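In terms of my numbering, the sequence shown is residues -4 to 74. The beta-carbon is built from N, C-alpha and C at its ideal position, and this holds for glycine as well. The structure presented is a predicted model; accordingly, all values stated were derived computationally and were not measured.
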Amino acid sequence: MTAYDPCAHCEEMMQPYMDRVITDTERAEAEAHLDECTYCRKRYRFEEKLRQFVRQAVQHEPMPVELKTKLAGLRTPLQ
Ligand SMILES: [Zn+2]
């Protein structure tokens, strides 16, 4: 048994992955991890959705109240 935890670096790996500031090698590693890690896959999909939502939101100003409420709800999905 090794003590290696593939999720130990998830946070630092996924953050640049989502911001698209990584090299091809790093992206391949991140995608390989997403393939085998349910936790990160869920997390990534949620973050990706959230980012898309925010991107769309800033294009439509002013932000409707219902959209703000929706965003606030997305921030705390497991409450
Ligand atoms: Zn992971």
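Taking all protein chains in view, the Cβ of Ala67 is surrounded by fewer than 16 other Cβ atoms within 10 Å, so the residue is classified as exposed. By the C-beta density criterion, Cys2 is exposed, having fewer than 16 other C-beta atoms within 10 angstroms. When only Cα atoms are considered, Met8 and Val16 end up about 11 Å apart. Of the other Cβ atoms in all chains shown, 16 or more fall within 10 Å of the Cβ of Ala25; this residue is therefore buried.
Within a 10 Å sphere around the beta-carbon of Tyr12 sit 16 or more other beta-carbons, which makes this residue buried.
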